[in-house]
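Residue numbers (our numbering), protein chains in the order written: chain Y, 2 to 311; chain U, 1480 to 1930. Heads up, the beta-carbon is just placed ideally off N, CA and C, and yes, glycines get one too. Below you'll find the structure, written out as structure tokens, and then a few comments.
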Amino acid sequence: MNFNRKHLLGLEHVSAEEIKLILDTAESFKEVLERPIPKVPTLRGKTIVNLFYESSTRTRFSFELAEKRLSADTLNFSASTSSVKKGESLRDTAQNIEAMKVDMVVIRHGAAGAAHYLSRCIKGTVINAGDGWHEHPTQALLDMLTIRERFNNFKGLKVAIVGDILHSRVARSNIFGLKTMGAEVAICAPRTLIPFEAEKWKVNIFNDVDQTIAWADILMVLRIQLERQAQNFFPSLREYHNYFGITRERLERIKRDITIMHPGPINRGIELDSDLADDAQYSVILNQVTNGVAIRMAVLYLLSGENKSH
Amino acid sequence: MKKSLTKSQTFCRNSAPPTFRFAKKILLKNATLIGHNYDERKKFDVLIIDGKIRSIASPNEATDDFAGEQIELAGKLVLPGFFDMHVHFREPGREDEETLRSGAAAAMAGGFTAVATMPNTDPVTDNQEIVEFIKDELRDHLITVHPIAAITRRQLGKELVDMAELIEAGVVAFSDDGKSVLDSLMLRRALEYAQMFDVPIIEHCEDPFLAYGGDMHEGFVSSNLGLPGIPAIAEDIVVARNILLAEYTRSKMHIAHISTAGAVELVRRAKDKGLAVTAEATPHHFTLTDEAVSSFDANFKMNPPLRSPEHVNAIIAGLKEGVIDAIATDHAPHSIEEKDTEFSAAPFGILGLETALGLAIKQLIKPGIFNWGQLVEKMSANPYRILGLEAPEIKPDVVANLTIIDPDIEWTVDKTKFKSRSRNTPFHDWKLQGKVHCLFNNGYFYLNPEF
């Protein structure tokens, strides 16, 4: 099939066929990454700007590496070093980038819809690398690639997302993507961190982590932001860990046969036991990181339009 | 017959001189009059001399040798002048967004003859000088301006304004619009003190704790978009408190821009009890739902926010059943720089004056929810009544205060042609029907140059 999108702003309206194409393409790029010289000339001559208004290590490095593996010319823009601090608006920044004839922009921004807004301001392609609490489509895609590698397909697979669903773009993109691919999805969090009318997503909603573990094939554990405690979403980190933390004790008591994922960075010992995160029997967290590069190569390639001319 | 406007007939932005003139001697021919005394199937000739209605007669009784100006009104409707009791004209303070004169021009273009201006100017309209300035700016104008003063100094919720002085200066109500008076004791005092002048307290009803950080209506759409929500109950709770205070103090409470099913139900019960509680709704709250925010276009960002369909239906039902007394626009100009940005960074508020009539026709008249008489109640009679002012009537020997519309003309909203200084409308490019043809008020006559 053809991939006819100009932008990747989220997964909410992306079809199963498109997701499958991205995952298949990523798989062939994984093979490229195994080569002695893991580099292809696919995007030679293309200019890509990584526009990061929020701090990020993993996602920015992953995109940068994917761009370099595809031989694109890349520019990095991060809020701390740019003129954003001087009060330059997103629109002005975008227009300046546009004037420099950039082909693609990867944007991470604290405001939901920032990628949508940018896509209206510039002629080039926009890839959402996380907008507020809204979406983080490449994270969900790399999660889905990791899941597919382990389980081969999504039909009937039970994926539980555990943690701060309300403020999580990773949760939203995964809910949209996994549902589209036919997985069953559950969310588990303190009642305060479940979004309003979340049942309309047609997901199972748990407030009990033991029940969630008993239900799930995969636990996708989210980072709990320390600032949420100050906003009284939960009373203390200790209580959060005791009631919602994923511990070895719980898994051994309830279900040993379960896969653990985490988008990182992990608060070790709070939402997830440190040694579980590193235990290859359960954890695929490092596979997620590896797959991140391949997924971003696939997305960049498919959006560049290079696939159509070949 | 449907007619369309051509581009050459429209005029450019903020053309400086007012486009109205003294109504020396004008004969309105073959007019359809909307009012309880008139049969809408009959035609009348209305003679206006020196701004006053001199006579209303059957067409054949009029003199053929009439010496003054004649205006043919076949196919047009003559209604009592529309009054928007909730506008923000940004002067003093943000004249780049709107001035009293540009706002008045927008009001005329929208078919209004009077407006009540909210006090969140900079400095706040909380003293006689600013009230006098506002009235002076529009002193010899077709548009009548009725200033609303703040309840508390600088709208800080701490000290009552000098209400008696402000009443003397000409204010018609008090409001800390933009936020609620949080301190219930302060609001009680305001209600009781304002009772001496028989004017209402107008409240923007929002619990700021429940609404904290919110950008849009809290519902499934906000959950999907990852935008922080403003729950409906943030409005309901304050409406409930305000009604209780109005009951206890036996005072007049007007609920601004009501937007939730819960608040409509609370006002319904208050009215059933016979309390002096009134409410207004905006055209955008009976036209748009929160689904529109999916575009992340900040022209869909306002407070109260666009609600989900069950709330919108409750607003329409509330208007129909008389629970909601008035249609008011909450005309809130904002600069392009402020609105053309990512959603969460933009301020709340949209323009209202120049699209209100077309939206009311589209949403309320066309579907048969309202007849013209009911629209007049919501846009003229009731706003005047709520503010204790005499409502205009179409009858001989009164100053002509008339909104005359062409109800059939089709037009496309073009924000670049707005008389307002701002452009923040979500209705750009919408196809609407019905537009002001001409206006009479304060002795003046305005003919829409598009006709």
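Within the segment 24-57 of chain Y, the beta strand (DSSP E) runs of at least 3 residues that lie entirely inside it are, in chain order, 48-53.
Residue pairing of U:PHE1561 in beta bridges, as defined by DSSP: U:PHE1591. Taking C-beta atoms as the reference points, U:VAL1717 and U:CYS1684 count as a pair closer than 7 Å. At a cut-off of 7 Å between beta-carbon atoms, U:GLU1697 makes contact with chain Y. When rounded, the separation of the alpha-carbon atoms in Y:LEU273 and U:THR1820 is 38 Å. Look at the beta carbons and you see the segment 1583-1599 of chain U touching the segment 1550-1569 of chain U: at least three pairs across the two are nearer than 8 Å. Residue pairing by DSSP places U:ARG1902 opposite no residue, since no beta bridge is assigned to it. DSSP, read as helix, strand or coil, puts U:GLY1831 in coil.
The Cβ atoms of U:ALA1669 and U:GLU1714 do not sit closer than 7 Å to each other. As far as DSSP is concerned, U:TRP1909 takes part in no beta bridge.
In the three-state scheme derived from DSSP, where H, G and I count as helix and E and B as strand, Y:GLY157 is classed as coil. Among the CB atoms of chain U, none fall inside 7 Å of the CB of Y:LEU146. Contact between the segment 1621-1634 of chain U and the segment 1837-1853 of chain U is absent: fewer than 3 CB-CB pairs across the two stretches fall below 8 Å. Cα atoms of U:THR1511 and U:PHE1523: separation of roughly 6 Å, rounded to the nearest angstrom. Distance from U:PHE1765 to U:LEU1798 at the Cβ level is roughly 7 Å; contact confirmed, criterion being Cβ atoms closer than 8 Å. The alpha carbon of Y:ALA73 has as its nearest neighbour, out of Y:LEU146, Y:LEU22 and Y:PHE64, the alpha carbon of Y:PHE64.
Residues of the segment 1813-1834 of chain U with a C-beta less than 8 Å from any C-beta of chain Y: GLU1816, ASP1819, THR1820, GLU1821, PHE1822, SER1823 and ALA1824, listed in chain order. Burial is judged here by how many other beta carbons sit within 10 angstroms of a residue's own beta carbon; Y:PHE235 has at least 16 and is buried.
One alpha carbon belongs to Y:GLU253, the other to Y:GLN212, and they sit about 14 Å apart. Collapsing the DSSP output to three states places Y:HIS135 in coil. Around U:LEU1706, the beta-carbon contacts reaching into chain Y at under 8 Å are ALA113, GLY114, GLY133, TRP134 and HIS135. For Y:PHE197, at least one C-beta of chain U is nearer than 7 Å to its own C-beta. Y:ARG70 counts as buried, since no fewer than 16 other beta carbons sit within 10 angstroms of its beta carbon. The continuous beta strand (DSSP E) containing U:GLN1549 extends over residues 1548-1551. Secondary structure at Y:TYR118: helix, using DSSP grouped into helix, strand and coil. The segment 1804-1879 of chain U is shown to contain whole alpha helix (DSSP H) runs of 4 or more residues at 1815-1818, 1835-1839, 1851-1855 and 1861-1865, in chain order. Listed along the chain, the chain Y residues whose CB falls inside 9 Å of the CB of U:PHE1779 amount to none; the nearest CB is some 11 Å away. Only exposed fits U:ALA1643, as fewer than 16 other CB atoms lie within 10 angstroms of its CB.
Per DSSP, U:ASP1615 is not a residue of any beta strand (DSSP E); the alpha helix (DSSP H) it occupies stretches across 1607-1616. U:ASP1804 and U:LYS1857 have their C-alpha atoms some 6 Å from each other. By the 16-neighbour rule on beta-carbons within 10 angstroms, U:LEU1745 is buried.
According to the DSSP secondary-structure assignment, U:HIS1625 is paired through a beta bridge with U:ALA1595. Taking CB atoms only, U:PHE1775 has a neighbour in chain Y less than 7 Å away.
In the DSSP assignment, Y:SER79 falls within the unbroken beta strand (DSSP E) covering 74-79. Ranked by how close their Cα comes to the Cα of U:ILE1840, the residues U:GLY1589, U:PRO1707, U:LYS1504 and U:VAL1878 have U:GLY1589 in first place. For U:ASP1524, the pairing in a beta bridge is given by DSSP as U:ALA1536.
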